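Trainee:
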Amino acid sequence: MIGKTAQPAEWDSSIIMYCGISLNLDSNLLSTALPLLEDEAIEAIEWSFDALFHHENIPDWFEQLIKAFSSEGRLIGHGVYYSLFSGRWTKEQQYWLDSLRSSASKYNFDHVSEHFGYMTGQDFHKGAPLSVPYNQVTLSIAKDRISRMQDACQCPVGLENLAFSYSLDEVRKNGEFINEILESINGFLILDLHNVYCQVQNFDLSFEEILACYPIDRVREVHLSGGSWEESEIKPETKIRRDTHDDSVPSDVYQYLRKVLPILKNLKFVMLEQLGTDLKKNDSQREFQQDFKYMKSIVEDFSKLRISDVNSFLPEQISISDVPLQSDVLAKQQKALDEILEQSLNFNEVKQRLHQSILKSTDWKIEEWEDTMLETAFKINQKWKEGFII
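Quick note: the sequence shown, position 174, residue 173 per numbering that gives the first Met the number 0, numbers continuous.
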């Protein structure tokens, strides 16, 4: 069931690259992946272990599938709900950590990652992950949270680059800010190439300009996915690229993959993502299978050119305080933004309330936010406030 990859007698995990998919307990996704699993084409799986609140029980066959990849060191965990930058530490975050610790003792995760941002919404499992101001407060909180992740799972821990930003300044600073967080635990970066594609399209930057902002020596995993275009209502001539994971991989993203493979010295996993809700039809299932095979063929072409660097992505030591770091000011600002995005009736109301809020003239720099991106944040929040679906 697991793809066959030749390994030297003394296996160096930094040399071999594995191609896999994001696989969760979804019937459409599983039926799409089945032919690839039967052909032993899938070499690794990425599992959103914290999405199981949708399911009271895990079927035995799915448990066996997870364990099969776990036993070969080909299972990676990808979190959704930790909410790395929340100003307040919640009981739900503690439960998340406890669950991660339990899962890590049961399964052999090669590494575990989370999304950059914080979860909005009144309920921990409702809302959208949104960005934060890049300052010492958010940096300190993120370092505290990610250290607790590393302590819980006792394996390499990483973050994924952003797909959504409010401003061009955010785009340019995201990589440096992520690197500062990761340095505290010698963490790794997931370079999501479709997320980069979104930034390229939405902010009129080149791929090379954005790539230069990120610590490429920390890239241990690459994501490929598709997305969608959304027309702006306030600027009808403008289309916003969204990381919705509901379509096949754009050709530009494959070109990005070809460009980065020769320079990512610590790359170990290349993963394909798509939501199962969009894999109901035979045509979309075939497209996904073709995407995986094409992705794998590109990786195999470059595997002979690897220049390996050795980074365990494990910290020498970490220091964790007994009490999680919190910020009342940040928490109040986040609550204010959440309420504006959730309760406003239209974009004009969002903008008016935002500029009358406690976020005005702060490190959030709302005065620099692009209208189309604020509009997008409003639409995202309206869609996800009743639940983020994996």
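Ideal Cβ placement from N, Cα and C applies to all residues, glycine included. Just so it is clear, the structure is predicted and the values come from calculations on it, not from any experiment.
1) Under 8 Å Cβ to Cβ from L358, same chain only, skipping five residues before and after it: list those, please.
2) How should A376 be labelled, buried or exposed, when 16 other C-beta atoms within 10 angstroms of its C-beta is the threshold for buried?
3) Cα separation between K295 and L263?
4) Would you call Q121 buried or exposed, if buried means 16 or more other Cβ atoms sit within 10 Å of its Cβ?
5) Could you check how far apart the C-beta atoms of N23 and A50 are, in whole angstroms? I think they sit under 8 Å.
6) When the Cα of G275 is compared with those of A162, V269, F268, Q284, which residue comes out closest?
7) Write down every uninterrupted run of the beta strand (DSSP E) in the segment 255-342 whose length is 3 residues or greater and which is fully enclosed by it, in chain order.
8) Please state whether DSSP places S21 in a helix, a strand or coil.
9) Does the Cβ-Cβ distance between E348 and Y165 come in under 8 Å?
10) Rounded C-beta distance between I219 and K258? I'm assuming under 8 Å.
11) Is K216 helix, strand or coil when you go by DSSP?
12) Quick check on the burial criterion: 16 or more other C-beta atoms within 10 angstroms. Buried or exposed for K142?
13) Verify whether the separation of the beta carbon atoms of M16 and V269 is less than 8 Å.
14) Can you list, in chain order, the residues of its chain with a C-beta nearer than 6 Å to that of R100? Leave out the 5 residues immediately preceding and following it.
15) With a Cβ-Cβ cutoff of 8 Å, do M148 and V156 count as a contact?
16) Distance check for I233 and E113, CA to CA, integer angstroms please.
17) With DSSP as the reference, please indicate the residues paired to L190 in a beta bridge.
18) Under a three-way DSSP split, which group does E369 fall into?
19) Have a look at the DSSP bridge pairing and note the partners of L74.
20) Please identify the residue among S85, F48, S320 whose C-alpha is closest to the C-alpha of S69.
21) Please report the straight-line C-alpha distance between Q63 and V170, rounded to a whole angstrom.
22) Does the Cβ of Y80 have 16 or more other Cβ atoms within 10 Å, making it buried, or fewer, making it exposed?
23) Name the residue from E299, S356, Y196 whose alpha carbon lies nearest to the alpha carbon of E42.
24) Can you tell me the Cα-Cα spacing of E182 and M372, whole angstroms?
25) Cβ of V199 within 8 Å of Cβ of I209?
26) Comparing C-alpha positions only, which one of S320, E45, K292, G86 sits nearest to K66?
27) Could you check if L196 is buried or exposed, using at least 16 other CB atoms within 10 Å of its CB as the buried criterion?
28) Starting from L158, trace the alpha helix (DSSP H) both ways and give me its first and last residue.
29) Excluding sequence positions up to five away, which residues of its chain have a Cβ less than 6 Å from the Cβ of G186?
30) For R87, collect the residues of the same chain with a Cβ closer than 6 Å to its Cβ; drop the 5 residues on either side in sequence, then sort them by chain order.
31) Here's the rule I'm using: 16 or more other beta-carbon atoms within 10 Å means buried, otherwise exposed. How should I319 be labelled?
32) DSSP puts M118 in a beta bridge; with which residues?
33) Would you call the CB atoms of L74 and I145 closer than 8 Å?
34) Pick out whichever of G225, G174, E229 has its Cα sitting closest to the Cα of L278.
35) Suppose contacts are defined by Cβ-Cβ distances below 8 Å. Is E286 in contact with S343 by that definition?
Mentor: Per the coordinate set shown:
1) As a working note, residue 358 is residue 359 in the sequence shown. Excluding residues within five positions, the ones whose Cβ falls inside 8 Å are Q332, A335, L336, I365.
2) Along the sequence shown, read from residue 1 onward, the residue named residue 376 stands at position 377. Buried, since its Cβ has 16 or more Cβ neighbours within 10 Å.
3) For the purposes of this step, residue 295 is identified with residue 296 of the sequence shown, where counting begins at 1. For the purposes of this step, residue 263 is identified with residue 264 of the sequence shown, where counting begins at 1. Computed Cα separation, rounded: 16 Å.
4) Along the sequence shown, read from residue 1 onward, the residue named residue 121 stands at position 122. Unreliable placement is indicated for Q121, whose pLDDT of 47 sits below 50; no coordinate value is reported for it.
5) Working through the sequence shown from its first residue, we reach residue 23 at position 24. Working through the sequence shown from its first residue, we reach residue 50 at position 51. 6 Å between Cβ atoms; contact.
6) Here residue 275 refers to the residue found at position 276 of the sequence shown. When each option's Cα is compared against that of G275, the closest is Q284.
7) 268-271
8) Counted from its first residue, the sequence shown places residue 21 at position 22. Note: S21 maps to strand in three-state DSSP.
9) On the sequence shown, position 349 is the one that residue 348 refers to. On the sequence shown, position 166 is the one that residue 165 refers to. Cβ atoms of E348 and Y165: not closer than 8 Å.
10) Numbered from its first residue, the sequence shown carries residue 219 at position 220. Numbered from its first residue, the sequence shown carries residue 258 at position 259. Note that residue 219 is Arg in the sequence shown, not Ile. About 18 Å separates the two Cβ atoms, so there is no contact after all.
11) The sequence position of residue 216 within the sequence shown is 217, counting from 1. The sequence shown places Asp at residue 216, not Lys. In the structure shown, D216 falls within a helical segment according to DSSP collapsed to helix, strand and coil.
12) Along the sequence shown, one-based indexing puts residue 142 at 143. By the neighbour-count rule (16 or more Cβ atoms within 10 Å), K142 is buried.
13) Here residue 16 is taken as the residue at index 17 of the sequence shown, counted from 1. Here residue 269 is taken as the residue at index 270 of the sequence shown, counted from 1. In contact: M16 and V269 (Cβ atoms closer than 8 Å).
14) Within the sequence shown, numbered from 1, the residue matching residue 100 stands at position 101. Around R100: A151.
15) Counted from its first residue, the sequence shown places residue 148 at position 149. Counted from its first residue, the sequence shown places residue 156 at position 157. Contact flag set, yes.
16) Within the sequence shown, the letter at position 114 stands for residue 113. Within the sequence shown, the letter at position 234 stands for residue 233. The straight-line gap from Cα to Cα measures roughly 33 Å.
17) As a first step, residue 190 is located in the sequence shown; it is residue number 191 there, counting from the start. In the DSSP output, where bridge partners are listed per residue, L190 has V221.
18) As a first step, residue 369 is located in the sequence shown; it is residue number 370 there, counting from the start. The DSSP-derived three-state label of E369 is coil.
19) In the sequence shown, the residue the question calls residue 74 occupies position 75. BP columns for L74 point to I44, F108.
20) Here the question's residue 69 lines up with position 70 in the sequence shown. Ranking the options by Cα distance to S69, first place goes to F48.
21) By 1-based counting over the sequence shown, the position of residue 63 is 64. By 1-based counting over the sequence shown, the position of residue 170 is 171. Roughly 41 Å between the two C-alpha positions.
22) Within the sequence shown, residue 80 is the residue found at index 81, counting from 1. Answer is buried; the Cβ neighbour count reaches 16.
23) Position 43 of the sequence shown, counted from the first residue, corresponds to residue 42. Ranking E299, S356, Y196 by Cα distance to E42 puts E299 first.
24) In the sequence shown, counting from the first residue as 1, residue 182 sits at position 183. In the sequence shown, counting from the first residue as 1, residue 372 sits at position 373. Approximately 30 Å between the Cα atoms of the pair.
25) Along the sequence shown, one-based indexing puts residue 199 at 200. Along the sequence shown, one-based indexing puts residue 209 at 210. Cβ distance < 8 Å, so V199 and I209 count as in contact.
26) For the purposes of this step, residue 66 is taken as the residue at position 67 of the sequence shown. If we check each option's Cα against that of K66, E45 comes out closest.
27) In the sequence shown, counting from the first residue as 1, residue 196 sits at position 197. According to the sequence provided, residue 196 is Tyr. The question's Leu does not apply to it. Y196 should be labelled buried.
28) Against the sequence shown, residue 158 aligns to sequence position 159. L158 -> not in any alpha helix (DSSP H); beta strand (DSSP E) instead, spanning 156-159.
29) Here residue 186 corresponds to residue number 187 of the sequence shown, with the count starting at 1. Cβ neighbours of G186 beyond the five flanking positions: V156, G157.
30) Within the sequence shown, numbered from 1, the residue matching residue 87 stands at position 88. The answer, listed in chain order, is Q325, A330.
31) Indexing the sequence shown from 1 puts residue 319 at position 320. Exposed, because fewer than 16 other Cβ atoms sit within 10 Å of the Cβ of I319.
32) As a working mapping, residue 118 is identified with position 119 in the sequence shown. Answer is P128, bridged to M118.
33) By one-based count along the sequence shown, residue 74 stands at place 75. By one-based count along the sequence shown, residue 145 stands at place 146. Taking 8 Å as the Cβ cut-off, L74 and I145 do not qualify as a contacting pair.
34) On the sequence shown, position 279 is the one that residue 278 refers to. Comparing Cα-Cα distances from L278 to each of G225, G174, E229, the minimum goes to G225.
35) The count along the sequence shown starts at 1 and reaches residue 286 at position 287. The count along the sequence shown starts at 1 and reaches residue 343 at position 344. Taking C-beta atoms as the reference points, E286 and S343 fail to come closer than 8 Å.
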